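Student:
Number of protein chains: 2
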Amino acid sequence: MATIGDIVVAAALNIITALIFLIAFAILRLQPVNDRVYFPKWYILGLRTTASSEGSRQQFLNLDFRSYLKFLNWVPHALTMPQSQLIHHAGLDSAVYLRIYLLGLKIFLPIFLFTWTILIPVNWTNNTLEISQETYSQIDKLSISNIPHASPRFWAHVAMAYVVMIWTCYMLKIEYETVANMRFSFLQSEKHRPDQFTVLVKNVPPVDQESVSETVENFFLVNHHDNYLTHQVVCNANKLAKLVKMKRKKQNWLDYYQIKYSKNPSKRPMMKTGFLGLWGSKVDAIEYHETVIEKLSNQIAEERKNVTNNPKSIMPVAFVSFKTRWGAAVCAQTQQARNPTLWLTEWAPEPRDVYWKNLAIPHVSLTIRKVVMGVAFFFLTFFYMIPIAFVQSLANIEGIEKVAPFLKPVINIKLIKSFIQGFLPGIVLKIFLMLLPKILMMMSKFEGFLSISRLERRCASRYYLFKFVNVFLGSVIAGAAFEQLSAFLHQPASRIPEIIGIAIPMKATFFITYIMVDGWSGTAGEILRLKPLVIYHLKNIFIVKTERDRERAMHPGSIGFNTGEPQIQFYFLIGLVYALVTPLLLPFILIFFGLAFVIYRHQVINVYNPKYESRAAFWPDVHGRVISALIISQVLLMGLLSTKHAAASTPVLLALPVLTMGFHIYCKGRFEPAFIRYPIQEAMNKDTLEQVREPMNLKRYLENAYVHPVFKDHEASDEDHYEDHDGSVIVPTKRHSHHPQAS
Amino acid sequence: MATIGDIVVAAALNIITALIFLIAFAILRLQPVNDRVYFPKWYILGLRTTASSEGSRQQFLNLDFRSYLKFLNWVPHALTMPQSQLIHHAGLDSAVYLRIYLLGLKIFLPIFLFTWTILIPVNWTNNTLEISQETYSQIDKLSISNIPHASPRFWAHVAMAYVVMIWTCYMLKIEYETVANMRFSFLQSEKHRPDQFTVLVKNVPPVDQESVSETVENFFLVNHHDNYLTHQVVCNANKLAKLVKMKRKKQNWLDYYQIKYSKNPSKRPMMKTGFLGLWGSKVDAIEYHETVIEKLSNQIAEERKNVTNNPKSIMPVAFVSFKTRWGAAVCAQTQQARNPTLWLTEWAPEPRDVYWKNLAIPHVSLTIRKVVMGVAFFFLTFFYMIPIAFVQSLANIEGIEKVAPFLKPVINIKLIKSFIQGFLPGIVLKIFLMLLPKILMMMSKFEGFLSISRLERRCASRYYLFKFVNVFLGSVIAGAAFEQLSAFLHQPASRIPEIIGIAIPMKATFFITYIMVDGWSGTAGEILRLKPLVIYHLKNIFIVKTERDRERAMHPGSIGFNTGEPQIQFYFLIGLVYALVTPLLLPFILIFFGLAFVIYRHQVINVYNPKYESRAAFWPDVHGRVISALIISQVLLMGLLSTKHAAASTPVLLALPVLTMGFHIYCKGRFEPAFIRYPIQEAMNKDTLEQVREPMNLKRYLENAYVHPVFKDHEASDEDHYEDHDGSVIVPTKRHSHHPQAS
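From first to last, the protein sequence lines are chains Y and V.
With the first letter of the first sequence counted as 1, position 69 gets the number 69 in full-length UniProt numbering; the numbers rise by one all the way through.
With the first letter of the second sequence counted as 1, position 606 gets the number 606 in full-length UniProt numbering; the numbers rise by one all the way through.
#1: What does Y/Asp195 touch in chain V if you count any residue whose Cβ is under 7 Å from its own?
#2: Could I get the ranges of all uninterrupted beta strand (DSSP E) runs contained in the stretch 163-208 of chain Y, with 3 residues as the minimum, in chain order?
#3: Which residues does DSSP pair with residue 745 of chain Y in a beta bridge?
#4: I need the straight-line Cα distance from V/Ser393 to V/Pro387, nearest angstrom please.
#5: Identify each residue in the stretch 217-234 of chain Y for which the Cβ-Cβ distance to at least one residue of chain V is less than 7 Å, and report them in chain order.
#6: For a contact defined as C-beta to C-beta under 7 Å, what are the partners of V/Glu682 on chain Y?
#7: Looking only at DSSP bridge pairs, what is Y/His231 linked to?
#8: Compare the Cα-Cα distances from V/Phe618 to each of V/Phe561, V/Gly575, V/Pro405 and report the closest residue.
#9: Using the Cα positions of Y/Ala11 and Y/Ile439, report the straight-line distance between them to the nearest angstrom.
#10: So, at 6 Å on beta carbons, what are the nonlocal neighbours of Y/Leu254 in its own chain, with the 5 sequence-adjacent residues on each side left out?
#11: Within its chain, find whatever has a CB closer than 8 Å to the CB of V/Leu533; leave out the 5 residues flanking it on each side and keep chain order.
#12: Cβ of Y/Val212 less than 8 Å from any chain V Cβ?
#13: So is the beta-carbon of V/Leu585 under 7 Å away from any non-hydrogen atom of the ligand MG?
#14: Please list the partners that V/Gly639 has in chain Y, where partner means a Cβ-to-Cβ separation under 9 Å.
#15: Does the stretch 249-264 of chain Y come within contact of the stretch 324-338 of chain Y, defined as at least 3 CB pairs closer than 8 Å?
#16: Does Y/Val330 have its Cβ less than 8 Å from a Cβ in chain V?
#17: Please list the partners that Y/Gln333 has in chain V, where partner means a Cβ-to-Cβ separation under 8 Å.
#18: Kindly confirm or deny that the stretch 592-610 of chain Y and the stretch 318-333 of chain Y touch, where touching means at least three C-beta pairs closer than 8 Å.
#19: Could you give the C-beta distance for V/Val607 and V/Lys41, rounded to a whole number, given that I count them as a contact under 8 Å?
#20: Looking at C-beta atoms only, is the number of pairs between the stretch 306-323 of chain Y and the stretch 166-182 of chain Y that lie closer than 8 Å three or more?
#21: Taking 8 Å as the CB-CB limit, is V/Ala26 close to chain Y?
#22: Quick one: what does DSSP say V/Met696 is sitting in, helix, strand or coil?
#23: Give, in chain order, every residue of the stretch 652-671 of chain Y whose Cβ lies closer than 9 Å to some Cβ of chain B.
#24: Can you tell me whether Y/Tyr600 is buried or exposed? The criterion is at least 16 other CB atoms within 10 Å of its CB, across all chains shown.
#25: Let me make sure I understand the geometry here. Which of V/Ile568, V/Ile589, V/Pro679 has the alpha-carbon closest to that of V/Arg625?
#26: Could you work out which residues of chain Y lie near V/Ala674, taking near to mean beta carbons separated by less than 8 Å?
#27: Please name the residue in Y/Glu302, Y/Met434, Y/Val317, Y/Arg325 whose C-alpha comes closest to that of Y/Lys239.
#28: What three-state label does DSSP hand Y/Asp6 in the structure shown?
#29: Using the beta-carbon of each residue, which ones in chain V are nearer than 7 Å to Y/Pro679?
#30: Could you please tell me which residues of the stretch 137-154 of chain V, in chain order, have their CB closer than 7 Å to any CB of chain Y?
#31: Quick one: Cα of Y/Lys644 to Cα of Y/Gly662, how far?
#32: Quick check on V/His149: buried or exposed, where buried means 16 or more other Cβ atoms within 10 Å of its Cβ?
#33: Given a cut-off of 8 Å, decide if V/Ile144 and residue 804 of chain V are closer than it, judged by their beta-carbon atoms.
#34: Should residue 757 of chain Y be flagged as near chain V, meaning a C-beta pair shorter than 8 Å?
#35: Could you tell me how far apart the beta carbons of Y/Val622 and Y/Glu672 are, in whole angstroms, since I believe they sit closer than 8 Å?
#36: How big is the Cα-Cα spacing for V/Ser649 and V/Leu119?
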């Protein structure tokens with residue numbers, strides 16, 4: 001078991017690592033040559049075009065040493081931007097995302113003060129551990145383990161459990177209310193946005209002798225005759241999009257070879273046509289690419305004609321726009337036809353949030369896809385260790401020798417041998433865990449969600465579940481998840497929290513170290529942006545010709561809700577579970593929340609470029625996961641105390657999860673609709689105001705709002721075409737559809 | 001254990017009882033004097049005014065002996081009425097209710113044929129029981145008990161479980177579809193009904209300096225300006241209704257005494273003023289009642305003034321009517337305000353279905369009421385035996401002697417003593433079980449449901465749960481429910497179905513007897529209507545003066561969904577559980593369903609007078625309970641087989657409840673909305689048709705549709721005022737608000 005000394009050493013190590021990252025960042029960000037890596041958001045907004053604000057144009061390094069003295073001055077910069085400006089600058093999603101960190105501070109700071117003043121003395125002034133003569137550390141002396149069985153002191157923990165619950169719920173309620181109000185005022189302050197007037201209609205039934213477009217028009221002219229304005233049908237342009245993407249890729253290569261040739265005109269660049277350019281016949285690279293691109297262009301033209309003319313490529317899906325927000329709100333919230341699985345309506349996502357590929361999935365297959373993915377996720381969570389172990393068993397010396405005997409002499413070199421034996425199995429697992437978010441995203445895409453925001457939300461909840469089972473439970477109870485699963489199925493339900501509960505206090509030091517490595521150093525590493533920095537400079541050297549190329553080379557990324565949010569939630573879980581068991585852990589959590597808040601606020605302001613604006617639609621998920629963490633902590637405390645022979649406290653503790661659940665149901669009823677529906681009163685209000693202030697030609701505005709990007713994009717450029725027609729968008733971000741995150 | 005001989009004797013006894021009831025009914029119904037007891041529906045519809053269709057007016061007994069020969073001719077009469085006429089005659093609710101019995105026949109007849117041809121031979125051709133040398137009966141030889149452990153023959157049962165599931169689900173789906181379509185065509189064929197145009201708005205927020213009526217009008221004029229027509233606010237007239245009811249009661253007594261006096265003018269009727277007329281000063285009954293009624297009349301006038309003028313008596317609830325069904329459908333299905341707990345809208349129940357008393361319950365208390373009643377129901381279900389046992393312990397000889405020593409000589413008479421000892425404890429339980437539906441109804445009323453139909457539906461589901469726990473589980477595993485509860489909490493989850501599963505085959509004879517007593521004799525007794533018969537004749541002798549009095553004296557009752565439906569569901573449960581375990585039970589179930597179908601069809605046509613028309617809104621509940629019975633049967637089979645060492649079958653069986661659940665989710669999505677929402681297309685369709693065919697002045701029609709009955713009822717008569725204004729109701733039934741069921 002770790003002693004306080006061990007913790008201090010680990011803390012020192014991690015603090016030093018974090019400081020190194022921060023100092024490196026402070027130095028690198030001052031170099032004008034890195035300006036587009038560390039401040040891309042300002043370039044995207046068009047507020048900065050060169051890094052020349054202080055230095056000269058051609059300057060690559062900042063030689064003004066005075067500026068290095070203020071190496072931490074990004075912190076006040078990051079913190080001073082007021083919230084309204086932040087929303088305007090980075091969008092509501094980002095502003096609300098930052099509030100999650102703030103929520104962590106708000107919840108855990110008072111809990112920290114409370115538990116340290118009350119529980120730590122209560123725990124410390126016992127001598128159970130000394131009497132038991134087992135090995136123990138000073139950390140355990142501060143934890144609940146130091147209290148003797150059936151001691152009345154447990155009532156302090158029970159009372160504190162109530163304090164934690166009440167405080168957490170109170171904070172959650174205030175936050176839910178604030179976010180809901182922020183969402184409404186954002187909706188009210190937004191100017192025209194096509195999604196306010198538009199409803200996504202799915203599963204349009206086929207009618208004989210009528211095109212989908214005619215069916216949709218007839219239906220809405222009849223059933224919403226006062227409100228219907230126009231509609232756009234959706235084509236299955238997946239093949240076309242694929243061709244366009246391929247052409248774009250080839251074009252990039254062509255550019256690369258052309259630059260290469262222009263730099264060294266004496267030698268025509270050559271390439272091999274086979275896989276990854278490794279084998280195959282050698283050809284002139286520029287000529288080869290030109291012919292390929294021409295062929296693709298012809299294919300694209302043909303496919304484009306095919307998609308637009310072939311009625312079979314029209315999907316039974318349409319974006320229907322209404323004259324008023326009221327009309328759209330009514331249509332989105334009502335059941336249209338007798339058969340509730342036809343003419344399904346929902347509030348349309350904003351155009352850049354639409355995940356076009358999935359609009360072509362037939363509606364009947366969605367349920368099957370959902371079930372298949374549910375089962376797949378279950379097996380992924382509980383049995384992922386089986387294939388990993390299999391690969392690990394292959395990735396040993398004998399396995400490699402068998403598969404590739406020609407490598408034998410290399411492998412038998414001692415250094416390489418020990419490397420393979422020592423690191424390879426670990427690396428296999430590491431690679432899997434790195435790929436996990438991508439696997440989860442693929443699973444969500446397969447499930448058929450229609451907007452990127454919903455894809456990310458689904459990924460986030462699955463990622464959290466995976467972390468809960470495999471990192472939290474897996475660390476607390478050693479053993480693979482599927483072994484636990486079978487053990488739990490054969491235990492009475494009341495035994496499960498006991499088993500986990502007993503193990504909880506013993507794992508405190510493990511989680512403290514986890515917080516420092518993942519939470520402190522990891523977060524500090526985030527600000528350094530090492531990978532984008534390297535990629536940017538590589539691209540800058542090899543590809544960039546024009547300013548536009550340079551713009552494309554900078555890679556702002558987005559906040560990554562699908563991986564970032566589960567990480568924060570994991571700290572909420574650890575914090576709530578250990579708040580009463582080992583309060584010593586709380587300051588580590590607090591430092592994480594504080595550090596992450598500052599760093600991510602800086603990143604949101606200067607770096608990230610959101611792919612979409614869902615108007616904080618993720619908040620119900622955030623709220624629900626904190627609630628679930630609270631309930632888990634309560635159940636585990638109950639299990640722990642019941643093994644401590646504090647049976648009298650069980651009924652009192654039993655009320656905790658019930659009350660929390662009740663609170664959750666209340667919040668769900670009170671606040672969740674704000675994130676799903678557009679209330680009639682709000683819509684009418686906004687309609688009326690707008691009619692008075694700035695009437696406009698909506699039909700022209702909405703006619704082409706929801707056109708598949710490949711049709712907007714006639715030149716097959718990857719320039720952004722998603723801006724609003726009148727340019728009145730609040731968050732004038734651009735979408736780079738070739739981002740790895742978007743693929 | 002019962003032998004086949006025992007079963008035959010019990011069957012003979014019950015068949016004879018049922019036959020006696022049926023013959024008694026056949027004779028009694030032919031007497032003209034009983035005509036209003038056995039055919040009240042025709043009087044209510046106005047299709048019959050006297051029983052003189054064949055005999056003479058004054059004839060009390062039917063002396064035409066030829067008619068007795070055809071004593072079973074009510075059966076073809078009951079069966080020949082076609083469904084469309086039945087809906088017109090008795091309403092959609094009744095017609096659909098009868099389909100539940102039909103569904104029973106449709107599900108169990110093929111299952112019966114299958115299991116008898118396959119499972120009975122499979123079970124019979126073993127000799128496990130003979131070898132085991134335990135006592136067993138021939139019935140057990142036919143059941144699954146006769147198959148040796150780990151026999152491959154169990155695969156026959158597993159396969160049959162799939163057949164049962166597929167067949168039951170298929171029938172359920174067809175039925176759900178049929179009922180949904182029946183509901184829609186009923187909606188389309190109905191003429192004007194106020195509820196088609198009306199939305200019930202709850203939780204209207206208070207606005208300063210504005211009455212509720214003004215607030216409602218402003219809100220809907222702004223937010224639904226094209227559709228809003230008119231509204232009616234709801235007053236808290238509960239006190240007024242109470243006074244009116246009391247006055248009516250006194251009036252009845254006055255009538256009674258006046259008749260008594262008129263029959264015997266020599267003696268003024270006297271009465272005592274105390275409790276139940278048992279003590280107090282003796283006064284002239286007519287004079288006394290006249291003064292009391294006058295006093296009440298004054299109070300009523302005052303309270304009426306108070307209710308109409310006092311703004312505090314106006315509840316924040318309103319019935320808002322729209323110009324079109326489309327407008328109402330839109331308003332009912334959308335969220336009105338930013339705060340989703342304000343301006344709650346739902347499709348209004350029809351006027352006679354409104355449970356006015358609960359409209360005065362403040363909305364905030366509803367959740368608390370729901371929780372309180374949930375907890376109360378839990379304790380009622382699991383711990384009701386405790387107070388019963390307490391009362392039983394009091395209701396013994398010593399207890400009575402202690403409380404009432406003056407009864408000592410009476411009690412000590414041997415006959416009375418043995419009666420008290422033998423019957424009293426049983427009677428206490430019996431009384432409780434008889435009161436149970438009333439207790440459940442009171443609980444539902446306390447919960448604050450706003451329509452009688454929903455009250456009955458909630459009662460039905462609770463009554464079914466109670467029966468499941470206490471009759472089904474209670475019979476299968478001996479012991480009080482709360483003992484089982486604690487045993488189950490300390491068992492692993494997988495053990496519970498095993499414990500119940502083992503006990504199932506042993507209880508087959510018990511349930512066969514139960515079906516015969518409750519299902520055969522009980523149902524046959526229903527048609528005799530002994531209680532209404534006696535009451536009618538008593539009233540006829542003592543009270544009836546005019547034709548109108550006679551009409552009031554006949555007591556048609558209604559189908560009693562809250563007790564009747566759980567009874568049917570209980571047979572579905574037993575049938576599905578035993579279909580695979582002891583197929584011998586199935587014919588008994590089939591006879592029940594057949595007999596009950598004929599008898600209830602007769603009653604629906606000739607007797608019952610529905611209190612409301614919910615347009616088969618109860619079907620999702622019916623469907624859900626059959627599904628739950630199916631899942632229970634599957635889980636129990638799994639438990640049973642796992643104790644039979646047929647472990648290989650477990651994974652195959654595990655798929656059964658999962659598939660059934662999937663089917664349920666599918667049905668919920670596909671059909672349930674038809675019972676909750678009015679699809680926009682249907683509403684628009686009906687609106688358009690009506691505008692072309694028969695435009696009418698809706699405002700006048702709707703203005704007073706939802707007025708509290710006491711305001712319609714100015715003369716405080718108990719005549720019916722719920723008819724539609726234009727008399728165009730499809731089911732022109734009348735409501736007698738003094739029915740015991742309605743109180």
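C-beta: ideal position from N, C-alpha, C; glycine also.
Note that this is a predicted model, so its numbers are computed, not measured.
Tutor: The short version:
#1: Chain order gives no chain V residues near Y/Asp195, where near means a beta carbon separation below 7 Å; the closest approach is about 18 Å.
#2: Runs found: 198-202.
#3: Nothing about residue 745 of chain Y can be read from this structure; chain Y reaches only from 1 to 743.
#4: V/Ser393 and V/Pro387: Cα-Cα distance of roughly 10 Å.
#5: Residues Val222, Asn223, Asp226.
#6: Residues of chain Y passing the Cβ test: Arg338.
#7: Y/His231 is bridged to Y/Val320.
#8: Closest option to V/Phe618, Cα to Cα, is V/Phe561.
#9: If you take the alpha carbons of Y/Ala11 and Y/Ile439, they lie about 33 Å apart.
#10: Once the five neighbours on either side are set aside, the close Cβ partners of Y/Leu254 are His289.
#11: Within the same chain, V/Leu533 has close Cβ partners Leu28, Asn34, Val37.
#12: Not closer than 8 Å to any Cβ of chain V, the Cβ of Y/Val212 fails to qualify, so no.
#13: With respect to the ligand MG, the structure offers nothing, as it holds no ligand at all.
#14: Contact annotation for V/Gly639 against chain Y: no contact, minimum CB-CB distance about 14 Å [criterion: below 9 Å].
#15: In short, these stretches do not touch, since the Cβ pair count stays below three.
#16: Proximity of Y/Val330 to chain V, defined by a Cβ-Cβ separation below 8 Å, is satisfied.
#17: Here the neighbours are Gln333, Thr334, Gln335.
#18: Touching, no, given that fewer than three Cβ pairs across the two stretches are closer than 8 Å.
#19: Confirmed, Cβ separation roughly 6 Å.
#20: In short, these stretches do not touch, since the Cβ pair count stays below three.
#21: Cβ-Cβ to chain Y under 8 Å: no for V/Ala26.
#22: Under the three-state reduction of DSSP output, V/Met696 falls in the coil class, being neither helix nor strand.
#23: In the structure shown, chain B does not exist; the protein chains are Y and V.
#24: Under this definition Y/Tyr600 is a buried residue.
#25: V/Arg625 has its Cα closest to that of V/Ile568, out of V/Ile568, V/Ile589, V/Pro679.
#26: In chain order: Arg338, Pro340.
#27: It is Y/Glu302 whose Cα lies nearest to the Cα of Y/Lys239.
#28: Reduced to three states, the DSSP call for Y/Asp6 is helix.
#29: What Y/Pro679 touches in chain V: Gln335, Gln336, Ala337, Arg338.
#30: Within the stretch 137-154 of chain V, no residue has a Cβ lying closer than 7 Å to any Cβ of chain Y.
#31: Rounded to the nearest angstrom, the two C-alpha atoms are 28 Å apart.
#32: By the neighbour-count rule (16 or more Cβ atoms within 10 Å), V/His149 is not buried but exposed.
#33: Limits of chain V in this structure are 1 at one end and 743 at the other, which puts residue 804 of chain V out of reach.
#34: In the structure as shown, chain Y starts at 1 and stops at 743, and residue 757 of chain Y therefore has no counterpart that could be examined.
#35: Rounded, the Cβ-Cβ distance is 12 Å, inconsistent with contact.
#36: If you take the alpha carbons of V/Ser649 and V/Leu119, they lie about 17 Å apart.
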